[in-house]
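**Q** One structure is given below, represented as structure tokens, and several questions about it will come after.
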Amino acid sequence: MEPFVEHTGLAAPLDAANIDTDQIIPKQFLKRIERAGFGQFLFFDWRFKDDGSENPDFSLNEPQYRGASILIAGANFGCGSSREHAPWALLDYGFRVLIAPSFADIFRSNCYKNGILPIELSSEDAARLRRQAETRDGFQLTVNLPKQTVSDPDGKTYSFEMDSFRKEFLLKGLDDIGWTLQYERDIAEYEKKRDALPT
Amino acid sequence: MNAPRTMFEKIWSSHAVREEPDEAAILYIDLHLVHEVTSPQAFEGLRMSGRKVRRPDKTFATMDHNVPTSDRSLPILDQIAAKQIETLETNCREFGVTLYDLNSPDQGIVHVIGPELGLTQPGRTIVCGDSHTSTHGAFGALAFGIGTSEVEHVLATQCLQQQRPKTFRIAIEGGLQEGVTAKDIILNIIRRIGTAGGAGHVIEYAGSTIRALSMEQRMTVCNMSIEGGARAGMIAPDETTYAYLEGRRFSPKGADWDAAVEYWKTLPSDDGADWDAELEIDAAEIAPQVTWGVNPGQTVDVGGAVPSPDDFDNPDDQKTAERALEYMDLTPGQQITDLKLDRVFIGSCTNSRISDLRAAANVVKGRKANADVRAMVVPGSQAVKRQAEAEGLDAVFRDAGFDWRESGCSMCLGMNPDTLAPGERCASSSNRNFEGRQGKGGRTHLVSPEMAAAAAIAGRFVDIRSWS
Chain A
1 MEPFVEHTGL
11 AAPLDAANID
21 TDQIIPKQFL
31 KRIERAGFGQ
41 FLFFDWRFKD
51 DGSENPDFSL
61 NEPQYRGASI
71 LIAGANFGCG
81 SSREHAPWAL
91 LDYGFRVLIA
101 PSFADIFRSN
111 CYKNGILPIE
121 LSSEDAARLR
131 RQAETRDGFQ
141 LTVNLPKQTV
151 SDPDGKTYSF
161 EMDSFRKEFL
171 LKGLDDIGWT
181 LQYERDIAEY
191 EKKRDALPT
Chain B
200 MNAPRTMFEK
210 IWSSHAVREE
220 PDEAAILYID
230 LHLVHEVTSP
240 QAFEGLRMSG
250 RKVRRPDKTF
260 ATMDHNVPTS
270 DRSLPILDQI
280 AAKQIETLET
290 NCREFGVTLY
300 DLNSPDQGIV
310 HVIGPELGLT
320 QPGRTIVCGD
330 SHTSTHGAFG
340 ALAFGIGTSE
350 VEHVLATQCL
360 QQQRPKTFRI
370 AIEGGLQEGV
380 TAKDIILNII
390 RRIGTAGGAG
400 HVIEYAGSTI
410 RALSMEQRMT
420 VCNMSIEGGA
430 RAGMIAPDET
440 TYAYLEGRRF
450 SPKGADWDAA
460 VEYWKTLPSD
470 DGADWDAELE
480 IDAAEIAPQV
490 TWGVNPGQTV
500 DVGGAVPSPD
510 DFDNPDDQKT
520 AERALEYMDL
530 TPGQQITDLK
540 LDRVFIGSCT
550 NSRISDLRAA
560 ANVVKGRKAN
570 ADVRAMVVPG
580 SQAVKRQAEA
590 EGLDAVFRDA
600 GFDWRESGCS
610 MCLGMNPDTL
620 APGERCASSS
630 NRNFEGRQGK
640 GGRTHLVSPE
650 MAAAAAIAGR
660 FVDIRSWS
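For the protein sequence lines, the chains are A and B, in the order given.
Using our numbering, the letters of the first sequence map in sequence onto residues 1 to 199.
Using our numbering, the letters of the second sequence map in sequence onto residues 200 to 667.
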């Protein structure tokens, strides 16, 4: 996994709460057995019309948001299905940072495993940033993970909370399985006791 | 004396291989269920890093999400789906994992077959790359959905890194009205707490109403915990649980059974245990529920009307309601019982077990589906299908003009050919009414199997309590 330390990028708004993973990546694309190449299907039913052409009303299709790497959305982003294809699609499309008032649990965990940083800001702060992304051309944000801050171009800084354990993994791009396997002896010992139980 | 603990805390601490401050815990996993859609990349990851499946004996696979529900002797026409199914077969063979494939008499929706086979047991930690893994919590297990990276992690280590969630006790007390089901209980709960109301929490459902439910009804309740945003849902094991499990293929036998029951009896939450959140609901207040919008929190009583965005205080909810009204092609004030239907789906890991099919058949018996409605019944597993056919339920459905299918997830998520056409309105016994979930442009209303069956006959929603 690519380490995440600091990131500066264009912010795109997506003004809706409860965006579920069925919207992020519709089911017809889950039949693929690869991990790569899902970006073309991101928000497919919102991004494209029935004839396959782009839907001009969908924010990510607006010219000023091409190349965005930070997405600002509403509360409970990523609810529903556990499909990791959702963060795979977001990452492949170019998003490294997601900002929302809250994220669904499984989705948040799936983001961490793929080097995407989900940042929770208050509803007011997230809405303020989203409105700026909507109204200012080329609105860029800088995210500093060691300091746990998001900074706008005017120098206004927003702090965010983050679990220190996950932070370390992101900063160093650590391999989860490798970390757990350091404790292989503990697992084997536990297993011996567990296997002796009747259920 | 030890401090009183919740059932969740007991299971968690008995499975923590390592739990240190400022670290995620390493939680041991007793049962890992695998299906074709969220596992190929995980097995590929193992292959690339030269790792094996640590405990193939604790890993069980089936194919359910993308499988056709038509004649199993015919080839699968969707080449990409066929490839995904083949990949699961290859992976299970290579890594030594038991697979209940399309030809197996045990094939079915992963959350239906786990309990059927007796794999789901109280006190276990159970995971699967599917958010409805919460279903298994009905047995007093700690069961939750995971992503594909975590599937790989469990395959390789039989463990997961987990942050300890909070606890939420929801007590439902008293008798239910006639015609009100487990599905209505859980839809009503989600309507109250919202789709993020359980975020970061494990819910324990308790109270006299829950105690009176059968195992299959308890599974329906726990199944939709994720729709309330919860990490997991669970119900304390009791005599109902033991009676369900006794004699099943993977249930403990003989002296092990007695020892297991002894242990299971220690699991229920202690009196006086601390909860991070609590809610009490009077069962008598719950009417048959119908979702009107595009998330399971957007629910009203069957006797109610489609709400207006102005009915909501929160601006997010107002916007979500506006969008939902447009997508669902509804107008505020429309009576739910005036909504005409094109399709009816009875199936899914929420409501496709034998008792669901019996209840739906009981409604349908001797009647005919409305001429404008296409109705289908998809049993949750081959075992459910066999049992239903032995009881003649298939004939009841067929005589009423319903389509009787092979087992799988089917139109709950429409990964196979079973989908809604754009604009079609469907009464569905499944768990998600998200935009496009059952087919692009399709309009899903979630209801109980009984309500779905009655809607198929009437051609519109009816109040099952007064309908005859």
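Backbone N, C-alpha and C fix where the C-beta goes; we use that ideal spot for every residue, glycine too.
Just so you know, these numbers come straight off a predicted model, no measurement behind them.
Can you find the residues in the same chain that come closer than 7 angstroms, C-beta to C-beta, to A/Thr21, ignoring five residues on each side of it along the sequence?
**A** Gly78, Gly80, Ser81, Arg83, Ala86, Phe107
**Q** B/Arg636 CB to nearest chain A CB: under 8 angstroms?
**A** yes
**Q** What's the call for B/Ser547, buried or exposed, on a 16-neighbour Cβ count within 10 Å?
**A** buried
**Q** Pull out every residue of the segment 71-94 of chain A whose Cβ sits closer than 7 angstroms to any Cβ of chain B, in chain order.
**A** Gly74, Ala75, Asn76, Cys79, Gly80, Ser81, Ser82, Arg83, Glu84
**Q** Whole angstroms are fine: how far does the CA of B/Pro467 sit from the CA of B/Thr205?
**A** Near 7 angstroms, if we compare the C-alpha coordinates of B/Pro467 and B/Thr205.
**Q** Which first and last residues belong to the alpha helix (DSSP H) in which B/Arg557 is found?
**A** 553-563
**Q** Given 8 angstroms as the limit, is there contact between the segment 432-441 of chain B and the segment 394-406 of chain B, that is, 3 or more CB pairs closer than that?
**A** yes
**Q** Counting only Cβ pairs nearer than 8 angstroms, list the residues of chain B close to A/Ala133.
**A** Result: empty, since nearest Cβ-Cβ is about 17 angstroms, beyond 8 angstroms.
**Q** Name the two residues that bound the continuous beta strand (DSSP E) containing B/Lys365.
**A** 365-372
**Q** Of all the beta strand (DSSP E) runs that stay within the bounds of the segment 279-330 of chain B, which reach a length of 3 or more residues?
**A** 297-299, 324-327
**Q** Would you list the residues sitting across from B/Cys358 in a DSSP beta bridge?
**A** B/Tyr227
**Q** For chain B, find out if any of its Cβ atoms is closer than 8 angstroms to the Cβ of A/Ala17; answer yes or no.
**A** yes
**Q** Quick check on B/Tyr443 - is its C-beta less than 8 angstroms from some C-beta in chain A?
**A** no
**Q** Could you name the residues of the same chain whose beta carbon sits closer than 6 angstroms to that of B/Ile325, not counting the 5 residues immediately before and after it, in chain order?
**A** Leu230, His335, Ala340, Ala342
**Q** Grouping DSSP H, G and I as helix and E and B as strand, with all else coil, what is A/Phe77?
**A** strand
**Q** Could you compute how far the alpha carbon of B/Pro274 sits from the alpha carbon of A/Lys27?
**A** 21 angstroms
**Q** Do you know offhand how far A/Gly9's Cα is from A/Thr142's?
**A** Between A/Gly9 and A/Thr142, the C-alpha separation is close to 7 angstroms.
**Q** Measure the alpha-carbon distance for B/Gln278 versus A/Arg32 and round it to whole angstroms.
**A** 10 angstroms
**Q** Using a Cβ-Cβ distance cut-off of 8 angstroms, determine whether B/Tyr526 contacts chain A.
**A** no
**Q** Does the segment 468-480 of chain B come into contact with the segment 361-368 of chain B, if we say contact requires no fewer than three beta-carbon pairs (one atom in each stretch) closer than 8 angstroms?
**A** yes
**Q** What are the residues that DSSP puts in a beta bridge with B/Trp603?
**A** B/Val576
**Q** Taking Cβ positions only, does A/Ile99 come closer than 8 angstroms to chain B?
**A** no
**Q** Report yes if the C-beta distance between B/Asp469 and B/Pro203 is below 8 angstroms; otherwise report no.
**A** yes
**Q** Taking three-plus beta-carbon pairs below 8 angstroms as touching, is the segment 250-269 of chain B in contact with the segment 608-615 of chain B?
**A** yes
**Q** So with Cβ pairs under 8 angstroms, would you call B/Lys365 a contact of chain A?
**A** no
**Q** Could you work out which residue in B/Asn569, B/Ala454, B/His644, B/Ala594 is closest to B/Gly658 when comparing CA atoms only?
**A** B/Asn569
**Q** Mind checking B/Asp457: buried by the 16 CB within 10 Å criterion, or exposed?
**A** exposed
**Q** Taking only runs of the alpha helix (DSSP H) that begin and end inside the segment 94-170 of chain A, which ones reach a length of at least 4 residues, in chain order?
**A** 105-112, 123-135
**Q** Name, going along the chain, the residues of the segment 612-637 of chain B whose beta-carbon falls closer than 7 angstroms to a beta-carbon of chain A.
**A** Leu612, Gly613, Met614, Arg631, Phe633, Glu634, Gly635, Arg636
**Q** Hey, is B/Asn265's beta-carbon within less than 8 angstroms of any beta-carbon in chain A?
**A** yes
**Q** Please tell me whether A/Asp154 has its Cβ less than 8 angstroms away from any Cβ of chain B.
**A** no
**Q** Are the beta-carbon atoms of B/Asn422 and B/Ser348 separated by less than 8 angstroms?
**A** Contact flag unset, no.
**Q** I'd like to know if the segment 235-255 of chain B and the segment 496-515 of chain B are in contact, where contact means that at least 3 CB-CB pairs between them fall below 8 angstroms.
**A** no
**Q** DSSP three-state call for B/Tyr404: helix, strand or coil?
**A** strand
**Q** For A/Ala68, decide whether its Cβ has a neighbour in chain B, counting only Cβ atoms nearer than 8 angstroms.
**A** no
**Q** Is any beta-carbon of chain A found at less than 8 angstroms from that of B/Arg542?
**A** No - not a single Cβ of chain A is within 8 angstroms of the one on B/Arg542.
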